[in-house]
Every structure is written in structure tokens, then in C-alpha cells.
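Participant:
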Amino acid sequence: MFSIGSEHRIQGIPAVSYPNGHCVLGNSQSRLYRSFAILKVLGTGHNGRVALCDWKSPETLPPNTTLPVMQTGKGARREWASKRLVAVKQLRRVFPGGWDECQLLRELQIHREMPVHPNIISLYDFFLSTDTKTLYLVLEPMEGNLQHLIKARKGRPFAGGLVASIFFQMVSGIGHMHSLNYFHRDLMPENILVSTTGLFSYRPVAASGRETEVDIVAIVKIGDFGLSRAVDSRQVYTEYVGVRWYRAPEVLLMGADYSTSLDMWSLGVIMAELLLLKPMFPGMTQLDQIDKVISVLGDPTTDYGRDSFGDPIGGGPWPDGVELCRLRGFRFPQVRPKDLHTYFSRRVPPTLIQCIGQLLRYDAEERLTALECLEHSYFRQTMPLNDIPDLSAPHLFSGPGSS
Numbered sequence: 001m002f003s004i005g006s007e008h009r010i011q012g013i014p015a016v017s018y019p020n021g022h023c024v025l026g027n028s029q030s031r032l033y034r035s036f037a038i039l040k041v042l043g044t045g046h047n048g049r050v051a052l053c054d055w056k057s058p059e060t061l062p063p064n065t066t067l068p069v070m071q072t073g074k075g076a077r078r079e080w081a082s083k084r085l086v087a088v089k090q091l092r093r094v095f096p097g098g099w100d101e102c103q104l105l106r107e108l109q110i111h112r113e114m115p116v117h118p119n120i121i122s123l124y125d126f127f128l129s130t131d132t133k134t135l136y137l138v139l140e141p142m143e144g145n146l147q148h149l150i151k152a153r154k155g156r157p158f159a160g161g162l163v164a165s166i167f168f169q170m171v172s173g174i175g176h177m178h179s180l181n182y183f184h185r186d187l188m189p190e191n192i193l194v195s196t197t198g199l200f201s202y203r204p205v206a207a208s209g210r211e212t213e214v215d216i217v218a219i220v221k222i223g224d225f226g227l228s229r230a231v232d233s234r235q236v237y238t239e240y241v242g243v244r245w246y247r248a249p250e251v252l253l254m255g256a257d258y259s260t261s262l263d264m265w266s267l268g269v270i271m272a273e274l275l276l277l278k279p280m281f282p283g284m285t286q287l288d289q290i291d292k293v294i295s296v297l298g299d300p301t302t303d304y305g306r307d308s309f310g311d312p313i314g315g316g317p318w319p320d321g322v323e324l325c326r327l328r329g330f331r332f333p334q335v336r337p338k339d340l341h342t343y344f345s346r347r348v349p350p351t352l353i354q355c356i357g358q359l360l361r362y363d364a365e366e367r368l369t370a371l372e373c374l375e376h377s378y379f380r381q382t383m384p385l386n387d388i389p390d391l392s393a394p395h396l397f398s399g400p401g402s403s
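The sequence shown runs 1 to 403 under the working numbering.
#1: Would the stretch 168 to 186 count as touching the stretch 209 to 223 if we require 3 or more Cβ pairs under 8 Å?
#2: Ordered along the chain, which non-local residues of its own chain (more than five positions away) have a Cβ less than 7 Å from that of ARG153?
#3: Return the Cβ separation of LEU359 and LEU368 in integer angstroms, given the expectation that the two are a contact with Cβ distance under 8 Å.
#4: Which same chain residues end up closer than 6 Å to ASP263 when comparing Cβ atoms and leaving out the 5 residues on each side of it in sequence?
#5: If you draw a straight line from the C-alpha of CYS325 to the C-alpha of LEU253, how long is it?
#6: Give the single residue among ILE216, TYR246, GLU140, GLY357 whose Cα lies nearest to the Cα of PRO282.
#7: In the DSSP assignment, what are the bridge partners of TRP55?
#8: Note down, one range per segment and in chain order, each alpha helix (DSSP H) of at least 4 residues found wholly within the stretch 238 to 276.
#9: What three-state label does DSSP hand PRO312 in the structure shown?
#10: Need the endpoints of the beta strand (DSSP E) that ALA87 sits in, please.
#11: Return the bridge partner residues of ASN145 from the DSSP annotation.
#12: Using the Cβ count rule (16 or more neighbours within 10 Å means buried), how would you classify ALA256?
#13: Grab me the residues of THR301's own chain with a C-beta within less than 6 Å of its C-beta, minus the 5 sequence neighbours each way, in chain order.
#14: Quick one: residues in its chain with C-beta nearer than 7 Å to the C-beta of LEU52, no 5 flanking neighbours on either side, listed in chain order?
#15: Compare the C-alpha of TYR33 against each of ASN47, PRO14, GLU213 and name the closest.
#16: If you follow the alpha helix (DSSP H) that ASP320 is in, where does it begin and where does it stop?
#17: So the candidates are PHE330, LEU180, ASP339, LEU385; which of them puts its Cα closest to the Cα of GLU113?
#18: For VAL217 and GLY329, I'd like the C-alpha separation in whole angstroms.
#19: Suppose the cutoff is 7 Å on Cβ atoms and the five residues either side in sequence are ignored; what does the same chain contact list for ARG92 look like?
#20: Taking the continuous alpha helix (DSSP H) assigned at ALA370, which residues delimit it?
#21: I'd like the span of the alpha helix (DSSP H) that includes GLN358, first residue to last.
#22: Specify, as a first and last residue, the run of the beta strand (DSSP E) that ILE166 falls within.
#23: Would GLN139 and SER122 be called neighbours here (beta carbons separated by less than 8 Å)?
#24: Going along the chain, which residues of its own chain have a beta-carbon closer than 6 Å to the beta-carbon of SER17, five neighbours each way excluded?
#25: Taking only three categories from DSSP, how would you classify PHE330?
#26: Assign GLN169 to buried or exposed, taking buried as 16 or more other Cβ atoms, counted over all protein chains shown, within 10 Å of its Cβ.
Following this line, the structure appears as C-alpha cells:
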């Protein structure tokens, strides 16, 4: 279905309208046609396909929906200027129970319930095809994701100020989710969506011999809530939580209880990858993944003391994990941790390495929360140096039916 250049007109449930700017959603019997043209296939995941589209049914979009930065920022393509760009996600799952069944989907529930945030992908519209019984989500579009951005660097490090900006935006989005009692459970570079716009002269965070570092401006938003859950959900969590390389230790050991702290571990691994320009723990199997983590952070059975910041060296002790390991029938090998301050490049600020280390704690209770991360000395050191211009975009249209 998602072939470039193809145009689609799909009858969907429910109908939606915006009289006087207020959303009125129809019932499970209401219907409305949605029309769009495929411009580019953005990706295929475990639960759906996503395409960049030109949306032809403006009456279904919220009033004053803003143009994405990929249409208004520096370097925007001319051929996109007259279009209404959206990302359309077609879920793989079929809903034979109709719209009533769709409303039970957690991904849709979380999108609908979560207040708008600049670092969370916005949901514009949603509908169930009356023909195929597949669900479509109409989302805020972005150019690509963090994995694409890292690959495009071809080994060239990001400017220090850009690293701080990307990190801050990720933590802000994650913190928004956590404050609303949700956790993502599938954070990885592919789910950190990115659009770039122009260049900025960043002031170096650490001494680099240069007064400024010119690099891209990146807009970052958290996306793909297919595995997200409410923290207080009573369900038994599935073993599959996120891609293996970014799974927290308690998930690797199949612990029964976990919470928002597993997202913070994933964030630490992603930040390390942003600096290394390659995955930090690329395990081939579940056991190999544990070995990869231990090879850097050491084993959690031994207390290896404190570093110059007063933090535990390595991942720190984790008695609960040692017990989980025993219940699974094996023991952690004794491995001394690497010094993270020599593991990363000398150009990386010590406070950033400290922050990453405080995210990569074996004991989930010892990891930084999103709020603690935002208040970290690293951000107090870096953010005032680089005041990136306001990137707010003009309105797409003033109301339904406008062109």
C-alpha cells in the first residue's frame, strides 16, 4: 500500500470535526473519508509502517496545526512548501471488533491522553479503515531518527553544544511521559525522531582550541509508543521490552517489577552511542548482552569503590540482581569495571560522563530520574552557553477548510 506517489482515499471510523475549534469525535458508526498521497516511506517497525504524506483532508486536523520544521526551516525542500506534511502510520494489527476494539489499544490511548509537549510526537488524527479493519495514526512528521543522524556523521563527532541540546530534548520528552505516569519501554535511536534545520555556532563545553563549533540544529521528539504502558498497570509485563542493546539489566534478567527507571538506563546507553558513534552494548544474545554490559561496567557482586566525583565505580553493587541471577541458575563473572572517564574521548566534559554513569546504575533505585537529570550540573554548565534561536513555526492553517 505504501508505494511512493500513490494516492489514497479511505473511509474511516470515527468521523471528526472541529466546530468553533473544539474536537467532536463521532461514535463507532460514524464515517468520514480521509485522503492523502505518499511522498516517502519513512520506516517499517514491528507493529506498523510509516510514510511521509501530503494530507488532503485538512478538516480532520486540529485547528492551528503548525507547519513542521522540515517545511519551514533552513534547507526545506521547495516542493514541500505547498503541502500539508504528516506522517501516516498503518498498524499491522487487524481489528475485527471495529472501533470499540481500537479504543483499547494502549498506543492510541497514550497518544490521546498525553498533553502536547515540544519533545513528544503529536497525534493529529486516527481512523479505522472500514474496508481492511486496519488502524491509521496521523502524526507530526519528522525527517528521520537519531540512528540516521549518527550514521550520517560518518565518524565525525557532534559539537559539544549539539550533544547537550539533543540530550536535553530527550530528557525533557521522557520526563514529560514519566510525570504523567507513563514509561516508554522501547527507547532506542530509531524511536528518537529528528529534524534538522540550518547551522549554529555552538560554544564549546570543554576546551577544544576553538572559540565556536559550527554544527546542525536538531529538533528531537520521542516517538513510537507501541510498547508504552502506565506505570501502575496491573498487567504482567511481557518479556519483550525494547531492543536488546538498550534493555535495562532488570529486564535482561526477566525481573517481574520495573518502572520508569528502565527508560533512564536506555537513555544512558543512547547518550553513550551519541558520543561513541556506535552502539555501547551490541549483544548478540541475551547472555552476550549481559556480558557486554559487565565488560564495561564490571560485575554487580563487588563494590569497586568510588571515583573522584564520589560515585560508585562501574555499575555499582546490585544485591537484588545477584539474587535474580542465582534464581536463573548462573552467577555473574567477576570483572573489574572500566573507567568511563577514559572510555570516552577527552573532548567529552567530565560532568557528562558522570551523568551517563549515574544513568547506567545496575540498581534501578540508584539511577537518576528525568527530573534529577535535568537538574544535573552538566546542563547547568552547558545550556546557558548555547541559546539556540526560537524555532516555532507559523500556523499551517487558521481553521478547517482553509488552504
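We treat Cβ as the ideally placed atom computed from N, Cα and C, and that holds for glycine.
Only a predicted model underlies this, so the values are computations on that prediction, with no experimental measurement involved.
Facilitator: Per the coordinate set shown:
#1: For the pair of segments examined, the stretch 168 to 186 was found to touch the stretch 209 to 223: the number of CB pairs separated by less than 8 Å reaches three.
#2: As a first step, residue 153 is located in the sequence shown; it is residue number 153 there, counting from the start. For ARG153, where only same-chain residues beyond five positions count, the Cβ hits under 7 Å are LEU277.
#3: The sequence position of residue 359 within the sequence shown is 359, counting from 1. The sequence position of residue 368 within the sequence shown is 368, counting from 1. Yes, they are in contact, since the Cβ atoms of LEU359 and LEU368 sit about 6 Å apart, within 8 Å.
#4: Here residue 263 refers to the residue found at position 263 of the sequence shown. Answer for ASP263: ILE174, PHE183, HIS184, LEU187, listed in chain order.
#5: By one-based count along the sequence shown, residue 325 stands at place 325. By one-based count along the sequence shown, residue 253 stands at place 253. About 7 Å.
#6: In the sequence shown, the residue the question calls residue 282 occupies position 282. Selected option, being the one with the closest Cα: TYR246.
#7: Within the sequence shown, residue 55 is the residue found at index 55, counting from 1. According to DSSP, TRP55 bridges with PHE36.
#8: Those alpha helix (DSSP H) runs which fall completely within the stretch 238 to 276 and span 4+ residues are 249 to 252, 261 to 276.
#9: Taking the first residue of the sequence shown as position 1, residue 312 is located at position 312. Strand at PRO312.
#10: Within the sequence shown, the letter at position 87 stands for residue 87. First-last of the beta strand (DSSP E) with ALA87: 85 to 94.
#11: Start at 1 with the first residue of the sequence shown, and residue 145 comes out as number 145. DSSP output for ASN145 lists LEU193 as bridge partner(s).
#12: By one-based count along the sequence shown, residue 256 stands at place 256. Flag for ALA256 reads exposed.
#13: Stepping through the sequence shown from its first residue, residue 301 is reached at position 301. Excluding positions up to five away in sequence, the list reads VAL322, PHE332.
#14: Position 52 of the sequence shown, counting from 1, holds the residue named residue 52. The residues are LEU39, LYS40, LEU42, LEU85, ALA87, PRO141.
#15: Sequence index remark: in the sequence shown, residue 33 carries index 33 (1-based). The candidate whose alpha carbon is nearest that of TYR33 is PRO14.
#16: Indexing the sequence shown from 1 puts residue 320 at position 320. ASP320 -> alpha helix (DSSP H) spans 319 to 327.
#17: For the purposes of this step, residue 113 is identified with residue 113 of the sequence shown, where counting begins at 1. Of the listed residues, the one whose Cα sits closest to GLU113 is LEU180.
#18: Position 217 of the sequence shown, counted from the first residue, corresponds to residue 217. Position 329 of the sequence shown, counted from the first residue, corresponds to residue 329. Taking the straight line from one Cα to the other gives about 49 Å.
#19: Taking the sequence shown and counting its residues from 1, the one referred to as residue 92 is at position 92. Same-chain partners within the cutoff: ASN47, GLY48.
#20: Position 370 of the sequence shown, counted from the first residue, corresponds to residue 370. Segment 370 to 374, the alpha helix (DSSP H) holding ALA370.
#21: Taking the sequence shown and counting its residues from 1, the one referred to as residue 358 is at position 358. Per DSSP, GLN358 belongs to the alpha helix (DSSP H) from 350 to 359.
#22: For the purposes of this step, residue 166 is taken as residue 166 along the sequence shown, with counting starting at 1. Annotation: ILE166 is outside any beta strand (DSSP E); the continuous alpha helix (DSSP H) that includes it extends over 160 to 179.
#23: For this step, residue 139 is matched to residue 139 along the sequence shown. For this step, residue 122 is matched to residue 122 along the sequence shown. The sequence as given places Leu at residue 139; Gln does not occur at that position. Yes, the pair counts as a contact, with Cβ atoms nearer than the cut-off.
#24: The sequence position of residue 17 within the sequence shown is 17, counting from 1. So the qualifying residues of the chain are VAL24.
#25: As a working mapping, residue 330 is identified with position 330 in the sequence shown. Three-state result, PHE330: coil.
#26: Reading the sequence shown from its first residue, position 169 is the one you call residue 169. So GLN169 ends up on the buried side.
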